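Undergrad: Per the working numbering, the sequence shown starts with residue 71, numbered consecutively.
A virtual CB, placed ideally from N, CA and C, is assigned to each residue, including glycine.
Computed from a prediction, not measured in an experiment: that's the story for all the values here.
Can you keep this structure in mind? I'll have questions shortly.
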Amino acid sequence: MTTTTLAVLVPLLPFLGAAAGLLLGRTVPGFVRPLAVLPTLAAAAFAIAVAVRQGGGAGNGTAPLDAATRLTPTGSVPIDLALHIDGFAALVAVLVGVVASCVQIYSTGYLRGDARYPSYAALVSLFTSAMLLVVYSGDLMVLLVGWEIMGICSYFLVGHYWETPEARAASLKAFLITKLGDVPFLIGLFALASDAGTFRITGILKTVADGGLDHPTLIALLLLAGVAGKSAQFPLHTWLPDAMAGPTPVSALIHAATMVAAGIYFVARLLPVFAASAAALVVLAVMAAVTMVGSALAALAQDDIKRVLAYSTIGQLGYMSGALAVGDRGAAVFHLVSHGAFKALLFLGAGVVIHAAGTNSLATMSRMRGLPQRIPDAYWTMTVALLALAAIPPFAGFFSKESVLVAAEHTALDPSGPAPGAAGWTVLVAGLLTALLTAAYATRLWLLAFRGRGAQAPDHGKQPLAMNTVLWVLAVPSLTLGLAVGYLPRWFDGHSLAPNLTTSVLSTGVALVGGLVTYAGWRHSTALAARTPMGAVAAHPDAEPALAERDAMESHTRVYGSVSAAADPADPGRLLLGPLHRHAAVGFRLDALYHQLFVRPVLAAARLVRFLDREVVDTYVHGAGAGARGLGALVRRAQTGNVQTYLSALLAGSVVLAIAAVLVAAGA
Numbered sequence: 071m072t073t074t075t076l077a078v079l080v081p082l083l084p085f086l087g088a089a090a091g092l093l094l095g096r097t098v099p100g101f102v103r104p105l106a107v108l109p110t111l112a113a114a115a116f117a118i119a120v121a122v123r124q125g126g127g128a129g130n131g132t133a134p135l136d137a138a139t140r141l142t143p144t145g146s147v148p149i150d151l152a153l154h155i156d157g158f159a160a161l162v163a164v165l166v167g168v169v170a171s172c173v174q175i176y177s178t179g180y181l182r183g184d185a186r187y188p189s190y191a192a193l194v195s196l197f198t199s200a201m202l203l204v205v206y207s208g209d210l211m212v213l214l215v216g217w218e219i220m221g222i223c224s225y226f227l228v229g230h231y232w233e234t235p236e237a238r239a240a241s242l243k244a245f246l247i248t249k250l251g252d253v254p255f256l257i258g259l260f261a262l263a264s265d266a267g268t269f270r271i272t273g274i275l276k277t278v279a280d281g282g283l284d285h286p287t288l289i290a291l292l293l294l295a296g297v298a299g300k301s302a303q304f305p306l307h308t309w310l311p312d313a314m315a316g317p318t319p320v321s322a323l324i325h326a327a328t329m330v331a332a333g334i335y336f337v338a339r340l341l342p343v344f345a346a347s348a349a350a351l352v353v354l355a356v357m358a359a360v361t362m363v364g365s366a367l368a369a370l371a372q373d374d375i376k377r378v379l380a381y382s383t384i385g386q387l388g389y390m391s392g393a394l395a396v397g398d399r400g401a402a403v404f405h406l407v408s409h410g411a412f413k414a415l416l417f418l419g420a421g422v423v424i425h426a427a428g429t430n431s432l433a434t435m436s437r438m439r440g441l442p443q444r445i446p447d448a449y450w451t452m453t454v455a456l457l458a459l460a461a462i463p464p465f466a467g468f469f470s471k472e473s474v475l476v477a478a479e480h481t482a483l484d485p486s487g488p489a490p491g492a493a494g495w496t497v498l499v500a501g502l503l504t505a506l507l508t509a510a511y512a513t514r515l516w517l518l519a520f521r522g523r524g525a526q527a528p529d530h531g532k533q534p535l536a537m538n539t540v541l542w543v544l545a546v547p548s549l550t551l552g553l554a555v556g557y558l559p560r561w562f563d564g565h566s567l568a569p570n571l572t573t574s575v576l577s578t579g580v581a582l583v584g585g586l587v588t589y590a591g592w593r594h595s596t597a598l599a600a601r602t603p604m605g606a607v608a609a610h611p612d613a614e615p616a617l618a619e620r621d622a623m624e625s626h627t628r629v630y631g632s633v634s635a636a637a638d639p640a641d642p643g644r645l646l647l648g649p650l651h652r653h654a655a656v657g658f659r660l661d662a663l664y665h666q667l668f669v670r671p672v673l674a675a676a677r678l679v680r681f682l683d684r685e686v687v688d689t690y691v692h693g694a695g696a697g698a699r700g701l702g703a704l705v706r707r708a709q710t711g712n713v714q715t716y717l718s719a720l721l722a723g724s725v726v727l728a729i730a731a732v733l734v735a736a737g738a
């Protein structure tokens with residue numbers, strides 16, 4: 071089988087699994103789980119085979135795989151069904167396939183009794199297929215198809231618990247905000263194709279290399295709007311924390327391998343387009359810096375364990391955007407792959423924790439003892455993932471984050487580099503500050519979830535084997551991926567991704583400071599735990615994991631009034647943030663700001679339109695109708711049914727006409 075055939079099968083198999091699952095899910099339920107797992111596993115295996123055959127990518131002297139067929143004539147810029155697989159695409163496809171397979175296997179246990187599991191599994195397969203289409207596509211219009219399919223899949227999957235108002239609101243918010251970014255994104259794609267004369271990625275990159283773009287800054291900024299929406303970057307990031315209302319496996323899929331990774335991958339694939347405009351790189355650097363620092367502060371104030379991880383994802387995506395802003399796509403994709411492994415592990419582990427504790431509230435978990443003994447698999451694997459997130463050596467996150475900081479340092483100190491020095495300094499300073507905050511909220515999560523004091527954690531038995539097995543599978547790359555730091559550059563552009571002494575000491579030092587300060591704050595505030603009784607425990611924590619999670623969200627809102635915060639004086643995050651805590655807990659009130667700036671004016675305009683429609687337009691319509699009715703009433707009165715009246719009227723009319731004729735004749 072040729073490499074091209076294998077590559078075509080990678081996105082095709084999950085799509086066929088999704089179609090078969092939707093068609094057979096109700097009639098033959100026994101096939102639902104095999105149709106969910108096996109096509110995705112096969113796609114992952116084929117993606118690995120494609121990566122092996124590519125043999126190391128351009129950095130190892132291997133030419134990208136290009137294949138195309140004309141999809142349709144357009145009369146102007148043609149659209150091709152094209153593949154373009156380089157080292158970036160090969161590795162990202164492996165990440166997507168492996169994480170999606172883990173999510174599907176995990177879901178067989180997590181949603182084992184869910185009545186809507188057939189549609190859920192089919193949508194996860196379709197989601198996976200769409201992301202793989204984005205990764206392998208060599209034509210921007212075909213890439214756009216996968217881009218938009220992911221948007222609609224996220225709408226349905228985030229709203230899986232549609233009975234709850236949080237899930238309904240979150241799914242709608244995610245859809246609308248990402249579509250808001252997709253409008254300028256689509257305009258930017260057309261502008262790019264107009265300047266380059268093609269939608270083919272190879273043709274666009276050749277045009278950029280020849281200096282053929284007429285409007286590089288405009289195109290780059292339009293495309294960045296779509297990237298900000300899809301990859302949850304400031305200011306279009308507010309949908310991602312709310313998307314935690316969906317099932318935990320969906321959160322893992324969105325945060326680790328699909329959706330939010332698509333925007334980063336798109337910029338990495340077309341980085342020369344963005345590098346053609348220094349202004350666009352500075353904008354991207356500022357966007358990344360604000361995203362990194364702001365999301366890390368917000369994560370330190372969240373009470374919902376999944377919202378902590380959601381804000382963490384936003385911050386780590388900021389690191390990737392920062393690497394792209396300084397012109398190093400190798401560092402960006404390295405961190406994308408590393409982050410995909412340990413963030414999928416964190417979310418899937420969080421699902422186990424929520425089921426075991428009967429709550430998603432860290433404040434409540436901090437008042438439970440013995441939780442690690444109830445869930446040893448989740449405890450140990452999440453510890454590994456949190457160390458990787460905090461960038462502690464030798465875990466994977468240390469090496470990938472260091473590659474970003476090294477790239478920023480080189481750009482800051484070398485003004486002749488691929489990006490402005492201002493972008494390098496912005497990313498470097500923000501990256502070091504975020505490293506401090508990341509270690510702080512990772513330490514806080516671990517202490518509150520696994521070092522609680524108080525009542526014994528409830529015993530709900532062991533989780534399904536499928537869930538625990540997946541955790542250990544993902545723990546392997548989270549622990550060992552950094553060992554490939556010397557091998558990975560050949561898959562990218564050949565540039566070294568190894569850490570250097572300066573940034574290693576700085577970032578590790580600030581991470582250790584962040585962790586130690588948080589630990590000291592926890593020791594200082596833990597005596598206050600007795601002042602707040604334990605609450606927000608699900609009514610039926612012994613139910614299957616998916617139902618326990620849904621009940622936990624409802625219980626949290628009922629007890630604390632908000633899924634993001636809890637009035638916990640023993641929270642070290644409250645001590646560390648001080649007055650900033652109440653703002654950070656609600657995402658610095660950006661949703662309220664957007665409500666004032668956009669929602670209220672739109673609602674006011676809608677009310678004005680409704681008033682004009684009812685009071686002005688309807689008045690004319692009703693007036694026309696009333697006039698017709700009045701005229702009809704007058705005519706109806708003349709219809710008396712009396713023949714003498716008709717003859718008299720006829721005679722009178724005849725006399726009038728005769729007199730008029732005489733007068734006209736006399737006047738002539």
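Mind checking which residues open and close the beta strand (DSSP E) that includes residue 519?
TA: Residue 519 -> not in any beta strand (DSSP E); alpha helix (DSSP H) instead, spanning 491-520.
Undergrad: Does DSSP classify residue 140 as helix, strand or coil?
TA: DSSP places residue 140 in strand when its eight states are reduced to three.
Undergrad: Report, in whole angstroms, the separation of the C-beta atoms of residue 387 and residue 301, which I expect to be a contact under 8 Å.
TA: At roughly 5 Å, the Cβ-Cβ gap stays under 8 Å, so residue 387 and residue 301 are in contact.
Undergrad: Need the endpoints of the alpha helix (DSSP H) that residue 154 sits in, please.
TA: It is not in any alpha helix (DSSP H) - residue 154 instead sits in the beta strand (DSSP E) that spans 149-155.
Undergrad: Provide the residue(s) that pair with residue 438 in DSSP beta bridges, ordered along the chain.
TA: According to DSSP, which records beta bridges pairwise, residue 438 is partnered with 525.
Undergrad: Measure the alpha-carbon distance for residue 284 versus residue 473 and round it to whole angstroms.
TA: For residue 284 and residue 473, the distance between alpha carbons rounds to 33 Å.
Undergrad: Within 8 Å, do at least three Cβ pairs link the region 376-396 to the region 575-586?
TA: No, because fewer than three Cβ pairs between the region 575-586 and the region 376-396 fall closer than 8 Å, the two stretches do not touch.
Undergrad: Between which two residues does the alpha helix (DSSP H) holding residue 327 run?
TA: Careful: residue 327 lies outside any alpha helix (DSSP H) and carries neither H nor E.
Undergrad: Residue 683 by DSSP, collapsed to three states: which one?
TA: Three-state DSSP puts residue 683 in a helix.
Undergrad: Nearest by alpha-carbon distance to residue 196: which of 89, 139 and 145 is it?
TA: The shortest Cα separation from residue 196 among 89, 139 and 145 belongs to 89.
Undergrad: If we count the other Cβ atoms within 10 Å of its Cβ and call it buried at 16 or more, is residue 71 buried or exposed?
TA: With fewer than 16 other Cβ atoms within 10 Å, it is exposed.
Undergrad: With three or more C-beta pairs closer than 8 Å as the rule, is the region 160-169 touching the region 204-214?
TA: Yes, since at least three Cβ pairs between the region 204-214 and the region 160-169 fall closer than 8 Å, the two stretches touch.
Undergrad: Going by the CB atoms, is the gap between residue 413 and residue 307 shorter than 7 Å?
TA: Not closer than 7 Å, so no.
Undergrad: Please state the DSSP three-state secondary structure of residue 270.
TA: Here residue 270 sits in strand by DSSP.
Undergrad: For residue 265, which of helix, strand or coil comes out of DSSP?
TA: Note: residue 265 maps to helix in three-state DSSP.
Undergrad: For residue 551, which residues from the same chain have a beta carbon less than 8 Å from its beta carbon, with the 5 sequence-adjacent residues on both sides left out?
TA: These residues qualify, in order along the chain: 407, 408, 411, 466, 469 and 470.
Undergrad: Buried or exposed for residue 376, please, with buried defined as at least 16 other CB atoms from any protein chain shown within 10 angstroms of its CB.
TA: Answer is buried; the Cβ neighbour count reaches 16.
Undergrad: Could you give the residue range of the alpha helix (DSSP H) that holds residue 450?
TA: Unbroken alpha helix (DSSP H) run through residue 450: 446-459.
Undergrad: At which residues does the alpha helix (DSSP H) containing residue 425 begin and terminate?
TA: Taken as a continuous stretch (DSSP letters only), the alpha helix (DSSP H) holding residue 425 covers 399-427.
Undergrad: Would you call the region 356-368 and the region 449-465 touching, i.e. three or more CB-CB distances under 8 Å?
TA: No, they do not touch.
Undergrad: Along the alpha helix (DSSP H) that carries residue 103, what are the first and last residues, could you check?
TA: Per DSSP, residue 103 belongs to the alpha helix (DSSP H) from 102-124.
Undergrad: For residue 563, which three-state DSSP category applies?
TA: Coil.
Undergrad: Taking the continuous alpha helix (DSSP H) assigned at residue 362, which residues delimit it?
TA: Where residue 362 is concerned, the enclosing alpha helix (DSSP H) stretches over 348-369.
Undergrad: For a quick check, are the C-beta atoms of residue 247 and residue 299 less than 7 Å apart?
TA: Result yes, Cβ atoms of residue 247 and residue 299 sit closer than 7 Å.
Undergrad: I want to know whether the region 366-376 touches the region 419-437 - three or more CB-CB distances under 8 Å.
TA: The region 366-376 is in contact with the region 419-437.
Undergrad: Is there contact here, the region 336-344 with the region 622-639, by at least three beta-carbon pairs under 8 Å?
TA: The region 336-344 is not in contact with the region 622-639.
Undergrad: Among the candidates 133, 420, 370 and 709, whose CA atom is the shortest distance from the CA of residue 540?
TA: Minimum Cα distance to residue 540 is reached at 420.
Undergrad: Straight-line CA distance for residue 660 to residue 304?
TA: For residue 660 and residue 304, the distance between alpha carbons rounds to 10 Å.
Undergrad: For residue 502, which of 279, 231, 216 and 578 has the nearest alpha-carbon?
TA: It is 578.
Undergrad: Between residue 252 and residue 183, is the Cβ-Cβ spacing less than 7 Å?
TA: Contact flag unset, no.
Undergrad: Which of the three DSSP states, helix, strand or coil, is assigned to residue 431?
TA: Residue state, collapsed to three classes: strand.
Undergrad: What would DSSP say about residue 207, mapped onto helix, strand or coil?
TA: It is a strand residue.
Undergrad: For residue 445, tell me which candidate among 461, 464 and 424 has the shortest Cα-Cα distance.
TA: The shortest Cα separation from residue 445 among 461, 464 and 424 belongs to 424.
Undergrad: Between residue 179 and residue 533, how many whole angstroms is the CB-CB distance? I'm expecting something under 8 Å.
TA: The Cβ separation is near 7 Å, so the contact holds.
Undergrad: Whose CA, out of 728, 483, 167 and 620, lies closest to the CA of residue 396?
TA: Residue 396 has its Cα closest to that of 483, out of 728, 483, 167 and 620.
Undergrad: Would you give the residue range spanned by the alpha helix (DSSP H) that residue 532 belongs to?
TA: Counting along the chain, residue 532 falls outside any alpha helix (DSSP H), and DSSP gives it neither H nor E.
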